[in-house]
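In the UniProt record's numbering, the protein residues as written are 1 to 389. To start, the structure under review is shown below, and the notes come after it.
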Amino acid sequence: MAIIIGTDQADLIFGTVESDSILGLKGEDTIDGSSGNNTINGNQGADLIIGREGDDFLYGGQGDDVIYGGGGNDTLFGNLDNDILFGESGNDLLLGEAGRDILYGGDGNDILQGGDDNDTLLGDNGDDSLFGETGDDVLFGNKGDDLLLGGLGDDTLYGGRDDDSLFGEDGNDLLFGDLGNDILNGNVGNDTLDGGEGEDTLYGGRGDDSLFGGAGSDWLFGGLGADTLTGGTGSDYFVLQLNAGVDFITDYNPQEDFLALEEGLEFGNLDFKNITNVGPDNSLTSSTAILVRDTQRIIAILAGVSASNFTGADFVDINGQPISIERPPVEDNTTETENFTANNNPFETGLADLFATPTEETLESSVNQNIRSGSDFLALDNTDSLTLI
C-alpha cells in the first residue's frame with residue numbers, strides 16, 4: 001500500500017497497482033487511482049478524481065470537484081461546494097453532501113443521496129435508490145425498478161422506465177411515473193402526480209393535490225385535502241375515502257371506470273345529489289355530489305354525471321371486487337321491481353333474485369335489458385315461469 005501526498009500546486013498524481021491512499025492538498029489536482037482499492041481525498045481546490053478499478057473511497061473535499069468511480073463498488077463523497085459525481089459500473093454509493101451537486105449512478109444498483117441544496121440525481125441503469133434530501137431536487141430513475149424519495153423542498157421526480165416507486169415527502173412536489181406500473185405518493189404538500197403509461201397507483205397524501213392517471217388502468221387515492229382526480233384513458237378506479245378530503249373527479253366514465261369504497265363506506269349508506277355549476281360565462285354544467293347518508297358529509301364530486309345514473313354496479317370494494325347488495329325477501333302475492341344497470345361490471349349478482357317458497361305459486365320476473373356493449377348473459381335461478389319484456 002502506497003501513501004501519496006500532493007503539494008499546494010495543481011498536481012497530476014497516479015496511484016500504483018496496489019491499494020493506495022492519496023491526498024491532494026491545495027490546488028486543482030488530477031488524481032488517477034489506477035488499480036486497487038484506493039482512498040483518495042482531493043482536499044482543497046476544484047479537483048478531478050478517477051477511481052478506476054477496485055472498490056474505492058473518493059472524497060472531493062473543498063471546491064467544485066468532478067469524481068469518477070470507475071469499475072467496482074465505489075463510495076463517492078462530494079463534500080463541500082458544487083460537485084459532479086459519476087458512479088459508473090458497479091453498485092455505488094454517491095453522496096453529494098453540501099452544495100448543488102449532480103450525481104450519475106451509471107450501471108449497477110446504486111444509491112444516490114443529494115444532501116443539502118438543490119441537487120440533480122440520475123439513476124441510469126439498474127434498480128437504484130435516489131434520495132433528494134434537503135433542497136428543491138430533480139430525480140431521474142431512468143432504467144430499472146427505482147425508488148425515488150424527494151425529501152424536504154419542492155422536488156421533481158421522474159420514474160423513467162420499468163416499475164418505480166416515487167415519494168414526494170415534504171414540499172409541493174411534481175411526480176411523473178413515466179413508463180411501467182408505478183406507485184406515486186405525494187405525501188405532505190400540494191403535489192401533482194402523473195402516472196404516465198402503465199397500471200399505476202397514485203396517493204395524494206396530505207394537501208390539495210392533482211392526480212392524473214394517464215394511460216392504463218390506474219388506482220387514484222386523493223387522501224387528505226381538496227384533491228382533483230383525473231383518470232385518463234383506460235379503466236380507472238377512483239377510491240372514495242371516509243376520513244379524507246373532498247375529491248373532485250373530472251372524467252368518471254360509467255362505461256369503463258369504477259368507484260372503489262374504502263373500509264368504512266357502504267353503498268347503502270351513500271346519497272347522490274345533483275349540483276349545477278355556473279361558469280364565468282354563465283354557462284351551466286352538472287355534477288353529482290356523493291355524500292355519507294348518516295352525516296351528509298360530501299366525500300366526492302363527479303363532473304358531468306347525473307345522480308340518477310348511479311347503481312351498485314358502479315362500485316367495487318378496495319380490492320376491485322364487485323360489492324354485494326342484500327335485498328329483503330319478497331312475500332307471497334307481492335309485486336316488486338328491481339332496477340339495476342351492469343355498467344360493464346362482471347358477475348353482478350343478488351340484485352333481482354326472487355324466491356317463492358310454496359310449490360304452486362307462479363313466479364314471474366320481467367326483465368328489461370339495455371345492453372351497452374360486450375358479451376352479456378342473464379341468469380335467473382329457481383323460477384317457475386319467466387316473462388321477458
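Glycine residues also receive a C-beta, built at the ideal position from the N, C-alpha and C atoms.
Under the rule that 16 or more other beta-carbon atoms within 10 Å means buried, what is residue i, buried or exposed?
i: Asn243; result: exposed
i: Asp20; result: buried
i: Leu85; result: buried
i: Pro254; result: buried
i: Ile5; result: exposed
i: Ile22; result: buried
i: Gly222; result: buried
i: Leu284; result: exposed
i: Asp8; result: exposed
i: Ile3; result: exposed
i: Arg100; result: buried
i: Asp209; result: buried
i: Asp217; result: Correcting the residue identity first, residue 217 is Ser in this sequence and not Asp. Its Cβ being crowded by 16 or more others within 10 Å, Ser217 is buried.
i: Asn41; result: buried
i: Asp128; result: buried
i: Asp11; result: buried
Under DSSP, the beta strand (DSSP E) around residue i begins and ends at which residues?
i: Gln113; result: 111-113
i: Ser129; result: 129-131
i: Ile4; result: 3-5
i: Thr230; result: 227-230
i: Gly32; result: For the sequence presented, residue 32 should be read as Asp rather than Gly. Start and end: 30-32.
i: Thr120; result: 120-122
i: Asn185; result: 183-185
i: Thr156; result: 156-158
i: Leu175; result: 174-176
Rounded C-beta distance between residue i and residue j? I'm assuming under 8 Å.
i: Gly72; j: Asp83; result: Gly72 to Asp83, Cβ: 20 Å. No contact.
i: Gly186; j: Asp155; result: Actually they are not in contact, since the Cβ atoms of Gly186 and Asp155 sit about 11 Å apart, beyond 8 Å.
Residue i: which of the options sits nearest, CA to CA?
i: Ile249; options: Leu270, Ala289, Ala215; result: Ala289
i: Asp32; options: Gly42, Gly15, Gly45, Thr39; result: Gly15
i: residue 426; options: Gly160, Gln113, Leu94; result: Here the chain has residues from 1 to 389 only, and residue 426 is not among them.
i: Gly90; options: Phe77, Asp101, Gly69; result: Gly69
i: Leu149; options: Leu25, Val188, Ser306; result: Val188
i: Gly135; options: Asp145, Asp146, Ser129, Gly114; result: Gly114
i: Glu97; options: Gln296, Asn79, Gly36; result: Asn79
i: Leu152; options: Asn37, Asn118, Gly144, Asp163; result: Asn118
i: Phe272; options: Leu95, Pro280, Gly279, Ile299; result: Ile299
i: Gly312; options: Asp294, Asn43, Phe258; result: Phe258
Quiz prompt | Start-end ranges of the beta strand (DSSP E) lying completely within the region 266-314, minimum 3 residues | solution = Taking only runs of at least 3 residues, the beta strand (DSSP E) segments lying wholly in the region 266-314 are 270-278, 284-292, 297-303.
Can you list the alpha helix (DSSP H) stretches of 4 or more residues lying completely in the region 85-109, in chain order? Entirely contained in the region 85-109, not one alpha helix (DSSP H) run reaches 4 residues.
Scan the region 191-251 and note each continuous beta strand (DSSP E) run of 3 residues or more that stays entirely inside, going in chain order.
DSSP assignment within the region 191-251 yields the following whole beta strand (DSSP E) runs of 3 residues or more, N-terminal first: 192-194, 201-203, 210-212, 219-221, 227-230, 237-240, 247-249.
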